[in-house]
Amino acid sequence: MKEEKPVLKGKSLTDLTEICRHLGLEAYRAKQIYVGIYKSRYTSIDQFSSLSKETRELLKEKTVFPEIQLGRELISKDGTRKFTFDVEPGKEVETVWIPSADGERKTICISSQIGCTLNCAFCATGLLEYKGNLHSWQIIDQILQVEKIVQDRATNIVFMGMGEPMHNYFSVMKAAHILHDKEGMGLGARRITISTAGVVPGIHRFIDNKEPFNFAISLNHPNPNARSSVMDINVKHPLEKLLDAARRFTQELDRMITFEYVMIPDVNMGKENLDRLVKIARSVNKCKINVIPLNTDFTGWRRPTEDEVRDFVSYLRQKAGVPILNRQSPGRDINGACGMLALKGVRNENIH
Ligand code: SAH
Numbered sequence: 001m002k003e004e005k006p007v008l009k010g011k012s013l014t015d016l017t018e019i020c021r022h023l024g025l026e027a028y029r030a031k032q033i034y035v036g037i038y039k040s041r042y043t044s045i046d047q048f049s050s051l052s053k054e055t056r057e058l059l060k061e062k063t064v065f066p067e068i069q070l071g072r073e074l075i076s077k078d079g080t081r082k083f084t085f086d087v088e089p090g091k092e093v094e095t096v097w098i099p100s101a102d103g104e105r106k107t108i109c110i111s112s113q114i115g116c117t118l119n120c121a122f123c124a125t126g127l128l129e130y131k132g133n134l135h136s137w138q139i140i141d142q143i144l145q146v147e148k149i150v151q152d153r154a155t156n157i158v159f160m161g162m163g164e165p166m167h168n169y170f171s172v173m174k175a176a177h178i179l180h181d182k183e184g185m186g187l188g189a190r191r192i193t194i195s196t197a198g199v200v201p202g203i204h205r206f207i208d209n210k211e212p213f214n215f216a217i218s219l220n221h222p223n224p225n226a227r228s229s230v231m232d233i234n235v236k237h238p239l240e241k242l243l244d245a246a247r248r249f250t251q252e253l254d255r256m257i258t259f260e261y262v263m264i265p266d267v268n269m270g271k272e273n274l275d276r277l278v279k280i281a282r283s284v285n286k287c288k289i290n291v292i293p294l295n296t297d298f299t300g301w302r303r304p305t306e307d308e309v310r311d312f313v314s315y316l317r318q319k320a321g322v323p324i325l326n327r328q329s330p331g332r333d334i335n336g337a338c339g340m341l342a343l344k345g346v347r348n349e350n351i352h
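All residue numbers for the sequence shown refer to the UniProt record's numbering, where the first residue is 1 and numbers rise by one.
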């Protein structure tokens, strides 16, 4: 059987050391390759000037150094830029560049899967056909390519694009550690946020491994039965188990966990739900809540008015005893905000 050539991108230093050993190269070459890819951002093997020509030719022959391919770009009036990339022919993902208004924070929102197997009622990504997990190089390359296009560097990375990161745990964590590593891309662990819709075993794995990254749970509904009706994942991993995992996170890692909450009028914003949410916040204690208004309109539900958001947030602020962040929706005009990543505006036929 013909052996597949190893991909150099998306590999840890340990992986590269193994690849070098296999090729008969000295172990220290791995470090040079690692630094060249992530720190120096080389885009072709010829740029690795610390390697001899002979070594470069060997790498070109025996390994691959691929790139995801830019499809389309949409630019929002607020400065947000959405990109589609072909990670392989016929397999598209979206990545979003989100500069803050003051220009200090530059966030890249990256995808972890091609589509998503979850079927959250409010999220457009669930409408797409699922086409698989991304490899770690395809996750890392979203950042490398976007930074090259915008000619700037991200200060923050959020795994909040297409897909469920906990369903692609291994590749997501490999990418996150490369992002964090000083010899890699050098981002502080608290500048990297991983988000889950509530895949409970993934949360326990994250805690067991003492992962240093920020962690967010898309709570979205505080009532166990009603949560199942908007998020299928709640049937498999019920709210009570999810909250147990959240509490274990805060206790064992001694860190704050974030709950994300999509505000949907007549679904999860009434007094009873507010009080349930307050109770959850108090029971987890070391948490903060990021609320965000519903961005999508395919659901038949509507986006809350500013008054509704204000009332909801002020009640939470009075009662919950935890920080509440009222999140904006940058990139909404280009379908680049939360819950909108479904190749819309790029390929209109995907959404009806
Ligand atoms: N699958 C992971 C990663 C995606 S993050 C997760 O669910 O956490 C995407 C975020 O956008 C989630 O917090 C989700 O709750 C939120 N979201 C989904 N649809 C939305 C919508 N229509 N409006 C606003 N936020 C939405």
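Beta carbons: idealized from backbone N, C-alpha and C, even for Gly.
In this text, all values refer to a predicted model and were calculated from it rather than measured experimentally.
In the structure shown, Ile289 falls within a strand segment according to DSSP collapsed to helix, strand and coil. Beta-bridge partners of Asp86 (DSSP): Gln69, Glu92. Per DSSP, Met263 is one residue of the beta strand (DSSP E) stretching across 257-263.
With 16 or more other Cβ atoms from the protein chains shown falling within 10 Å of its own Cβ, Ala281 counts as buried. The C-beta distance from Ile192 to Asn214 rounds to 6 angstroms, short enough to fall under 8 angstroms.
For Asn214, the enclosing beta strand (DSSP E) starts and ends at 214-218. In the DSSP assignment, Ser195 is bridged to Ala216. Shortest gap from the CB of Phe122 to any heavy atom of ligand 1: under 6 angstroms. When Pro201, Ser136, Asp152, Glu147 are compared, the shortest CA-CA separation from Met166 is found for Pro201. Distances taken from the Cβ of Thr296 to the heavy atoms of ligand 1 include one shorter than 6 angstroms.
For Val158, the enclosing beta strand (DSSP E) stretches over residues 156-159.
Here Arg153 is not bridged, per DSSP, to any residue. Tyr38 places its beta carbon 7 angstroms or farther from that of Met173. Between the C-alpha atoms of Ala216 and Leu58 there is a straight-line separation of about 43 angstroms. Using a Cβ distance threshold of 7 angstroms, Ala342 and Leu118 do not count as a contacting pair.
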